[in-house]
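Our numbering puts the last residue of the sequence shown at 534; the count rises by one with no breaks. No residue lacks a Cβ here, since even glycine has one placed at the ideal position from N, Cα and C. A quick note: this is a predicted structure, and the numbers were derived from the prediction, not measured. Before any comments, here is the structure.
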Amino acid sequence: MIGFMPEIYPDELVYSWFCRCFVHSGYPTSKAFLGELLFNRHCNPSKEFVGHLNPEMEQEIRQIYPMEELVLEHTMFPQYARFIGPENKKNALHRLTNDFCDAHHLFSILPRDEGDQYLKYCPLCIVEDREIYGEAYWHRTHQIRNMPVCTKHKCRLENSGVPAKSSQSFILEPAEMALEERQARNDVIPLEWEFASYMEEIFQEPVDFEGSVPASAILYAGMEGTKYLKSTGKVRNTQLLADGMQGYFKEIHIKDIASIYQIQRTLSGQRTDFSIVTQIAFFLGIPAHGLLHPRLSKEQIQKSQDARCPKGDIPEDWNQYDEEMLPIFQQTAKGIYQGKLNGMGRPGRVTERLLCRAVGISPHRLGNMPKCRGALEKYEESYEENWARRLAWAYGKLKVEKEGKVYWSDLRRVSGVKRERAGKALPYLKGHAGRGMGEEITALVLEGKQPG
Ligand SMILES: [Zn+2]
C-alpha cells in the first residue's frame with residue numbers, strides 16, 4: 083500500500099507523478115517503491131506511458147483518476163497515436179488502459195536522436211512550478227521529440243541527466259531533486275518558436291478517435307500548387323522536398339530532420355510518425371488546424387491515392403520515375419545494409435525482395451529502372467559475407483557492453499548467426515573486422531568444435 087497520492091499537475095507525465103508519490107511515500111528507495119507499484123519491476127516500466135501496474139495499485143489509482151484520462155492527458159500517447167488510423171487508435175487506448183500493453187507493440191517508436199536522449203526541462207518553468215506547487219515536475223510537452231523550446235517562456239529547453247529511455251535500470255528520479263536552477267537561454271529565433279508552438283498545438287489537441295482522413299492525403303493536398311508536385315499533379319518531387327526541408331530545419335536548429343526515406347514512406351501512407359508528419363506539414367505551410375481537422379473532399383482523398391505513389395498505377399515515363407526513386411532506393415538500401423531500418427543496428431542483407439518491400443514497389447518494376455537496380459546491386463552480398471559483418475558488428479557491440487569478456491552464447495544471440503554458419507563466414511571476416519578482432523571471433527567460433 084502506497085498511501086498518500088498527491089494530485090497530478092497540469093501536463094505532468096505519469097512517470098513524474100509516480101516520482102512525487104515515491105518522495106511523499108516514505109519508501110526508502112525507488113526500487114522498494116516500484117516493487118509496490120508495478121506488477122513486476124522488470125516488466126515494462128515506462129517513462130512515456132503508465133507501465134504495468136500491479137492490480138492493487140491499479141484499483142487505487144482508478145479511484146482517483148480514470149485510466150483513460152491519465153493516458154490521454156499525462157502520457158506521450160498523443161505523440162505516438164496522433165496520426166494512426168481510428169481503429170488502431172481505439173485499440174491502442176484500450177490495450178494501454180486495460181492490460182498495460184507495452185507501447186512498442188502498439189506504435190512505431192523511432193530510435194532516439196542524440197538531442198532526445200534525456201528528459202528535457204525549462205529553467206523558468208522550474209522556478210514557476212516551485213513557486214506555485216512547491217516543487218518542480220517533469221512536463222509532458224517538453225518531452226515531445228525534437229521539441230527545442232518552452233513555448234510559454236520562449237527559452238531553450240535543457241537536457242537533464244535523467245535518461246528519457248525506459249531502460250533496464252529504471253528508477254524514479256523526481257524533477258525536484260534532479261534539477262537545479264540555471265540561467266535560461268533566450269536565443270530562440272521566431273521560426274523555431276513557431277515550429278515548437280505548432281508541434282505543441284497538435285500534441286495538446288484532444289485525440290480524435292473518429293476522423294479517418296489519412297495524414298498522407300492532407301500532406302498531398304498541401305503540396306498542390308507547389309513545386310513539390312510536378313505540373314501534371316501526378317508526380318511528387320520528393321528529392322526537392324527533402325532537400326528543402328533539410329536546409330529549412332537546419333536553420334532553425336532542429337536536430338532530427340526527416341530523411342527522404344521517411345518522407346517518401348509518410349507521403350505514400352506507410353508511416354505516420356508525429357515528428358515526420360509535423361515537419362512536412364509545417365514546411366508546406368499547412369496550418370495546425372488543417373492538419374487536425376482536415377476538410378478534404380472525397381475526390382481530394384482519392385486523388386492523393388491515385389497519385390503516382392510507388393504502389394499506384396504504371397508510370398508514364400519510366401526514366402523519370404527511375405530518376406525520382408533513385409535517392410529513395412539508395413538511402414533505403416544503405417539503411418538495410420547498415421542495420422538502421424531494423425531498429426537494432428544489426429547489419430541486414432540487401433535483397434531485391436526486401437528492398438522493394440521497404441520502398442513499397444513491386445519487384446517486377448525494377449526491370450524498367452536501371453538506376454534503382456544499380457543501387458540494389460551496389461549493396462548485394464552473399465550470405466557468408468553478411469554473417470561475417472553481423473559477427474563483427476555484434477562482437478564490437480558486446481566488447482563495449484560487457485567491458486571485455488565476450489562469450490560465444492552472447493555473440494550467437496546478438497549476431498543471430500548459428501555456429502555452423504559462423505564457421506562458413508570466417509574467411510570473410512577480414513574485410514569487416516580488424517586483425518585482432520578477427521582472431522578473437524575465430525577463436526570463439528572454433529572453440530565449440532574442439533573435441534572435449
Ligand atoms: Zn517554461
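Start-to-end residues for the beta strand (DSSP E) that takes in residue i
i: Gly243; result: Glu240 to Pro245
i: Tyr419; result: Unbroken run through Tyr419 is the alpha helix (DSSP H), Trp400 to Tyr419; no beta strand (DSSP E).
i: Tyr203; result: Tyr200 to Tyr203
Local Cβ density within 10 Å of residue i, reported as buried at 16 or more and exposed below that
i: Lys393; result: With a pLDDT of 45 at Lys393, under the threshold of 50, the modelled position of that residue is not reliable, and the figure given next carries that caveat. It counts as exposed.
i: Ile410; result: buried
i: Asp395; result: The predicted model places Asp395 with a pLDDT of 49, which falls under 50 and marks its position as unreliable, so this point remains unresolved.
i: Gln145; result: exposed
i: Thr308; result: exposed
i: Glu258; result: buried
i: Cys391; result: At Cys391 the pLDDT is 48, less than 50, meaning the model places this residue with poor confidence; the figure from the coordinates comes in the next sentence. Buried, because 16 or more other Cβ atoms sit within 10 Å of the Cβ of Cys391.
i: Ile214; result: exposed
i: Gly367; result: exposed
i: Ile300; result: buried
i: His176; result: exposed
i: Gln361; result: buried
i: His446; result: exposed
i: Gly520; result: buried
i: Glu381; result: exposed
i: Phe115; result: buried
i: Asn228; result: buried
Cβ-Cβ distance between residue i and residue j below 8 Å
i: Val50; j: Lys236; result: Limits of the chain in this structure are 83 at one end and 534 at the other, which puts residue 50 out of reach.
i: Gln413; j: Tyr302; result: no
i: Glu262; j: Ile334; result: no
i: Ala363; j: Gly304; result: yes
i: Leu188; j: Val289; result: no
i: Met451; j: Trp490; result: no
i: Leu526; j: Val499; result: no
i: Ala297; j: Phe165; result: yes
i: Phe365; j: Gly326; result: yes
i: Lys541; j: Asp195; result: Outside the modelled stretch of the chain, which goes from 83 to 534, sits residue 541, for which no answer is possible.
i: Ala260; j: Ser248; result: no
i: Ile191; j: Tyr147; result: no
i: Leu473; j: Ile418; result: no
i: Arg494; j: Pro429; result: no
i: Phe104; j: Leu254; result: yes
i: Lys481; j: Asp492; result: no
i: His186; j: Ile90; result: no
Integer-rounded CB distance, given that residue j should sit under 8 Å from residue i
i: His134; j: Phe121; result: 4 Å
i: Lys506; j: Glu463; result: Incorrect: roughly 14 Å between the Cβ atoms, too far for contact.
i: Ile358; j: Phe285; result: Contact flag wrong, Cβ pair sits at about 14 Å.
i: Asp231; j: Arg222; result: What sits at residue 231 in the sequence shown is Val, not Asp. Incorrect: roughly 15 Å between the Cβ atoms, too far for contact.
i: Val132; j: Leu178; result: 7 Å
i: Glu118; j: Ile84; result: 6 Å
Where the alpha helix (DSSP H) containing residue i begins and where it ends
i: Met259; result: Ala257 to Ala260
i: Arg194; result: Here Arg194 belongs to no alpha helix (DSSP H), and DSSP marks it neither H nor E.
i: Arg517; result: Arg517 to Glu529
i: Ile345; result: Ile342 to Leu349
i: Ser357; result: Phe356 to Leu366
What does the shell around ligand 1 hold, if a residue joins when its beta-carbon is under 5 Å from any heavy atom?
-> Any residue whose Cβ sits closer than 5 Å to a heavy atom of ligand 1 makes the list: Cys204, Leu206, Cys207, Cys232, Lys234 and His235.
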